[in-house]
Amino acid sequence: MNRKPTTFALVLALLALALLLALGLSAVLSVHFNRLIAADIYGRLASAAAVTTDELAQRHDAGAGRVLARLAGWGVRVETGSPPPSTVRVAPVALAVGRQVGEQLRPDDPARVVVVQTPDTHIWVPSAHVPGQWIVMSEPSNRRRLQASSVGIAVLAGLIALALAALLARLLTQPIERLAGSAGALLAGEPVALDGSSREVERLAQAFREAGARLRGSARERELMLAGISHDLRTPLARLRLALELGDAADLRRREAMVSDLEELDAALEQCLAFVRDGRDEAPGAIDLATLAGQLLGSRQEPDAWQLDGPDSLRVVARPRLLRRAIGNLMDNAERHGAAPFRVAIGRDARGVFVSIVDKGLGVPELLLPQLGRPFLRGDRARSTAGTGLGIGIAMRAAELHGGALELANVSGGGFVATLRLPDPPPSH
93 MNRKPTTFAL VLALLALALL LALGLSAVLS VHFNRLIAAD IYGRLASAAA
143 VTTDELAQRH DAGAGRVLAR LAGWGVRVET GSPPPSTVRV APVALAVGRQ
193 VGEQLRPDDP ARVVVVQTPD THIWVPSAHV PGQWIVMSEP SNRRRLQASS
243 VGIAVLAGLI ALALAALLAR LLTQPIERLA GSAGALLAGE PVALDGSSRE
293 VERLAQAFRE AGARLRGSAR ERELMLAGIS HDLRTPLARL RLALELGDAA
343 DLRRREAMVS DLEELDAALE QCLAFVRDGR DEAPGAIDLA TLAGQLLGSR
393 QEPDAWQLDG PDSLRVVARP RLLRRAIGNL MDNAERHGAA PFRVAIGRDA
443 RGVFVSIVDK GLGVPELLLP QLGRPFLRGD RARSTAGTGL GIGIAMRAAE
493 LHGGALELAN VSGGGFVATL RLPDPPPSH
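Take 93 as the starting number for the sequence shown in this note's numbering and just add one per residue.
What follows is the structure in structure tokens.
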């Protein structure tokens with residue numbers, strides 16, 4: 093099985109490649125500009141040496157002879173005959189210097205200046221006074237030394253670049269490696285120190301923590317749901333079994349009680365399924381909140397106990413079935429735990445659209461108020477009370493899924509209010 097490269101190896105390779113490319117580009121540019129500079133500087137010096145030697149060669153006094161002898165010792169001499177052919181490729185720097193000398197001394201015919209490499213460099217400049225006479229300037233070849241030094245410098249620079257790339261790659265990948273090793277602890281909610289990590293690694297670690305918290309919350313909800321279902325379904329199932337064993341299913345009142353138990357079982361299962369599905373698969377659309385609230389009020393067993401306050405029309409963007417279930421659960425909760433008169437208020441304020449369900453009951457104990465919304469938690473803590481304890485939890489999830497929130501509070505003077513807030517729909521164009 094092929095092993096995939098580590099992040100450290102990939103980052104090291106990329107950094108090394110980038111550094112080597114930068115060094116190569118800088119070397120090419122350096123050679124180019126150095127050639128231009130050398131051609132200008134050495135071209136001027138060579139032109140001056142050629143003119144001086146040519147003039148001194150026309151004099152026959154002792155002083156001129158001594159100077160010519162010294163120039164010959166420095167590689168500048170006078171020759172007759174034609175320049176020999178080159179035995180090796182002429183160095184680009186020597187060609188550039190010869191071109192510069194030709195443009196300065198022979199602007200009408202710069203090609204008359206000849207550069208020969210055998211392997212030493214020789215620049216042959218024709219005399220301005222004597223035909224067939226040349227001023228020859230010689231320079232020992234430094235090609236091998238230059239090549240050796242260039243290779244040495246390149247190797248040294250490459251090693252330094254590779255060391256720097258390894259250090260940078262380690263600094264970049266070490267936090268990621270620590271994060272990978274701590275992923276399990278982060279998901280489990282354990283404290284993990286990631287000092288010195290970058291902002292992106294910190295954000296990824298926070299995402300792991302949040303994902304772990306959601307997973308643990310889902311696991312707790314499943315445990316609570318299983319426990320709640322087993323408790324809530326046991327009582328009506330026991331009653332049904334007892335009625336069947338007693339054989340009084342033909343009794344009309346007993347049959348009605350059995351039907352009521354079955355309806356209770358069906359409602360409990362429906363609430364559990366609604367809590368699990370949470371409505372994410374339903375597509376949002378534009379609905380009239382006032383019409384929805386009116387339909388829910390009309391379907392109550394005692395609609396006269398309810399009052400609707402708000403505008404005749406209020407458009408929102410929401411998941412219709414999920415929103416209907418959430419508001420219906422809050423209305424069921426008001427009838428089950430509160431007291432008439434009941435009121436549904438809809439409207440829009442600075443924080444968006446709201447739906448408030450208000451009752452005149454006794455409210456909820458203050459210590460219990462922050463816990464409302466937990467699965468299978470009832471406001472009066474009485475397990476015999478009708479309902480599954482999921483209604484407020486479903487409404488709270490529905491509000492969060494729509495980008496809003498569910499606010500629960502006791503009413504001053506008695507009563508309870510549940511306010512479901514939704515964001516304003518985007519403006520239509």
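Don't be surprised by glycine CBs; every beta carbon is placed ideally from N, CA and C.
Start-to-end residues for the beta strand (DSSP E) that takes in residue 511: Segment 508–514, the beta strand (DSSP E) holding residue 511.
Residue 178 and residue 210 closer than 8 Å at C-beta: Yes. Within cutoff.
Exposure label - residue 117; buried when at least 16 CB within 10 Å: Around the beta carbon of residue 117, fewer than 16 other beta carbons sit within 10 angstroms, so the residue counts as exposed.
Three-state class that DSSP yields for residue 181 in the structure shown: Looking at residue 181 - three-state DSSP - the assignment turns out to be coil, as it is neither helix nor strand.
Cβ pair residue 278, residue 301 closer than 8 Å: In this structure, residue 301 lies closer than 8 Å to residue 278 by Cβ.
Distance, residue 513 Cα to residue 496 Cα: Cα-Cα distance, rounded: 5 Å.
Which of helix, strand or coil DSSP assigns to residue 108: DSSP places residue 108 in helix when its eight states are reduced to three.
For residue 462 and residue 438, the rounded distance between their alpha carbons: Taking the straight line joining both Cα atoms gives about 24 Å.
Residue 455 versus 275, 141, 503, 392, residue with shortest Cα-Cα distance: It is 503 whose Cα lies nearest to the Cα of residue 455.
N-terminal and C-terminal residue of the beta strand (DSSP E) that residue 499 is part of: Where residue 499 is concerned, the enclosing beta strand (DSSP E) starts and stops at 497–502.
Buried or exposed by the 16-neighbour rule on C-beta atoms within 10 Å, applied to residue 219: By the Cβ-count criterion, residue 219 is buried, with 16 or more other Cβ atoms from all chains shown falling within 10 Å of its own Cβ.
C-alpha distance - residue 375 paired with residue 484, whole-angstrom precision: Within the model, the alpha-carbon separation for residue 375 versus residue 484 is close to 22 Å.
Boundaries of the beta strand (DSSP E) in which residue 222 is found, first to last residue: Neither: residue 222 is in no beta strand (DSSP E) and is coded neither H nor E.
Span of the alpha helix (DSSP H), counted from its first residue to its last, around residue 276: 275–279 is the span of the alpha helix (DSSP H), which, as asked, contains residue 276.
Sequence-distant residues of its chain with Cβ nearer than 8 Å to residue 128 (five each side left out): Residues of the same chain with a CB within less than 8 Å of the CB of residue 128, apart from the 5 flanking positions on each side, are 188 in chain order.
Residues that residue 213 bridges to, as DSSP identifies them: As DSSP reads the structure, residue 213 sits in a beta bridge with 209, 231.
Beta-carbon contacts of residue 275 that lie in its chain and below 8 Å, excluding the five residues immediately before and after: Closer than 8 Å at Cβ, skipping near neighbours: 300.
Touching by the beta-carbon criterion (3+ pairs, under 8 Å), the segment 99–113 and the segment 145–163: Touching, no.
Contact set for residue 392: own chain, Cβ-Cβ below 8 Å, skip 5 residues either direction: The residues are 398, 423, 427.
Through-space distance from residue 487 to residue 308, alpha-carbon basis: Their Cα atoms are separated by approximately 21 Å.
Beta-carbon proximity list for residue 224, same chain, < 8 Å, skipping 5 on both sides: Once the five neighbours on either side are set aside, the close Cβ partners of residue 224 are 172, 173.
Length-filtered (4 minimum) alpha helix (DSSP H) runs lying within the segment 405–476: List check, alpha helix (DSSP H) in window: 412–429.
Classification of residue 205 by the beta-carbon crowding that lies within 10 angstroms, buried from 16 upward: By the 10 Å Cβ count, residue 205 comes out buried.
Rounded separation between residue 508 and residue 515 - CA only: In this structure, the alpha-carbon of residue 508 lies about 23 Å from that of residue 515.
Alpha-carbon to alpha-carbon, residue 403 and residue 473: Residue placement at residue 473 cannot be trusted, given a pLDDT of 45 that sits under 50; what the coordinates show is reported in the next sentence. A straight-line Cα-Cα distance of about 37 Å links residue 473 and residue 403.
Rounded C-alpha distance that separates residue 444 from residue 433: Looking at the backbone, the Cα of residue 444 and that of residue 433 are separated by about 26 Å.
Boundaries (first-last residue) of the alpha helix (DSSP H) holding residue 387: According to the DSSP assignment, residue 387 belongs to the alpha helix (DSSP H) that extends over 381–390.
Extent of the continuous beta strand (DSSP E) run through residue 284: No beta strand (DSSP E) holds residue 284; DSSP gives it neither H nor E.
Exposed unless 16 or more other CB atoms sit within 10 angstroms - verdict on residue 214: Label assigned to residue 214: buried.
Cβ-based neighbour list, residue 448, same chain, cut-off 6 Å, excluding 5 preceding and 5 following: Same-chain partners within the cutoff: 437, 509, 511.
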